[in-house]
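Just below is one structure, and these are the notes that go with it.
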Amino acid sequence: MVELKTEAELAVMREAGRVVANALAAVRAAAAVGVSLLELDEVADDVLASAGAKSSFQHYHPHFAPTPFPAVICASVNDVIVHGIPSEYRLLDGDLVSVDFGACVDGFHGDSAISFIVGTPRPADVALIADTRDALEAGIAAARAGGRLGDVSAAVGEIGRARGYGIPSSFGGHGVGRAMHEAPSVPNEGRPGRGLSLRPGLTIAIEPMFMAGGRDRFVTDPDGWALRTVDGSRAAHIEHTIAVTGSGPVILTAP
Ligand code: MG
Ligand code: MG
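Per our numbering, numbering of the sequence shown is gapless, rising by one per residue and ending at 1603.
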């Protein structure tokens, strides 16, 4: 069931979203060549603690995973698309890093992800990240009352396909609220004019994830969490939680 949020609930979700934005900014500032993924997890955990917020990710145990998620961030490096478990791995010059983070404040969640490069960027990675951001922005712009959910999915997918990227079809956006993942599901491809009618109070995460190699297939690591491109090509993932309102889409996880 799709739960529309009241103005008061949206205000709480904005608070959760602010904690998410602050944590991602802190992680981005700390990420550098030689820093480990576990150290980045600690940075985000400190922001959670000082905000008095709870992690949406830690102990989260969806049906597809063999074990609960053990950290507060997902840290997905290079050919890892999403759901990377933070490890002792230390970032190398030129690594493409995607960090996904969720926080819960007063029972409501926010969910957002950033992709960035540490050290010397490769031009193809800069383009991949810019294109993924373009797709997110197009998806957000399509999240207008009176439209359909398919408008959002189509806006995201059209940019990914036009620029030659692969899209992992079984993972994408979702409703956000009292649960981090709730109805509706927001695929990264779709048909305009189809699907759920968008109404004020609908809160969804839009999260394009594109694979540079152009293939849609991916493999799951032995840990049951990290998704990797089959061809070793790099992937980017950028996400915001947004609200559909009477005056257009509002980004709840904006800084
Ligand atoms: Mg996320
Ligand atoms: Mg999400």
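C-beta: ideal position from N, C-alpha, C; glycine also.
Inter-residue CB distance, residue i and residue j (contact presumed, cutoff 8 Å)
i, j, result
"His1457", "Val1524", "5 Å"
"Pro1548", "Thr1593", "5 Å"
"Ala1371", "Ala1423", "The Cβ separation is near 13 Å, so there is no contact."
"Leu1358", "Leu1550", "Wrong, their Cβ atoms sit about 10 Å apart, outside the cutoff."
"Ser1446", "Ala1584", "6 Å"
Coil, strand or helix - residue i by DSSP
i, result
"Arg1492", "coil"
"Ala1461", "strand"
"Pro1416", "coil"
"Thr1354", "coil"
"Arg1565", "coil"
"Glu1485", "helix"
"Leu1600", "coil"
"Thr1480", "helix"
"Gly1365", "helix"
"Leu1550", "coil"
"Ile1507", "helix"
For residue j and residue i, the rounded distance between their alpha carbons
i, j, result
"Arg1605", "Asp1499", "It is not possible to answer for residue 1605, since the shown part of the chain is limited to 1349 through 1603."
"Gly1505", "Ile1488", "13 Å"
"Pro1597", "Ala1591", "6 Å"
"Val1350", "Ala1531", "5 Å"
"Ser1463", "Ala1397", "24 Å"
"Ala1413", "Thr1568", "10 Å"
"Pro1556", "Tyr1437", "25 Å"
"Phe1519", "Pro1570", "18 Å"
"Glu1387", "Asp1393", "10 Å"
"Ser1403", "Ile1599", "20 Å"
"Ala1377", "Arg1366", "16 Å"
"Gly1562", "Gly1580", "11 Å"
"Arg1362", "Ala1399", "13 Å"
"Gly1521", "Ser1435", "25 Å"
"Ile1554", "Val1534", "7 Å"
Residue j beta carbon less than 8 Å from that of residue i
i, j, result
"Arg1511", "Leu1546", "no"
"Ile1421", "Val1383", "no"
"Asp1459", "Thr1577", "no"
"Gly1508", "Thr1468", "no"
"Phe1558", "Leu1476", "yes"
"Glu1587", "Asp1448", "yes"
"Ala1380", "Val1453", "no"
"Gly1455", "Arg1526", "yes"
Close Cβ partners of residue i (< 8 Å) along its chain, the five nearest in sequence each way excluded
i, result
"Ala1502", "Ala1490, Glu1537, Gly1538, Arg1539 and Pro1540"
Close-in-space but distant-in-sequence residues of the same chain around residue i (CB under 6 Å, 5 per side omitted)
i, result
"Ala1574", "Val1428, His1431 and Gly1432"
"Asp1407", "It is His, not Asp, that sits at residue 1407 in the sequence shown. Taken in chain order, the residues that qualify are Pro1416."
"Arg1565", "Val1578"
Cutoff 7 Å; reference residue i; Cβ partners in own chain excluding five residues on either side
i, result
"Asp1473", "Leu1444, Ile1465 and Arg1582"
"Asn1426", "Asp1443, Leu1444 and Arg1582"
Minimum Cβ-Cβ distance from residue i to chain B less than 8 Å
i, result
"Trp1573", "Checking the listed chains, one finds no chain B in this structure; it contains a single protein chain."
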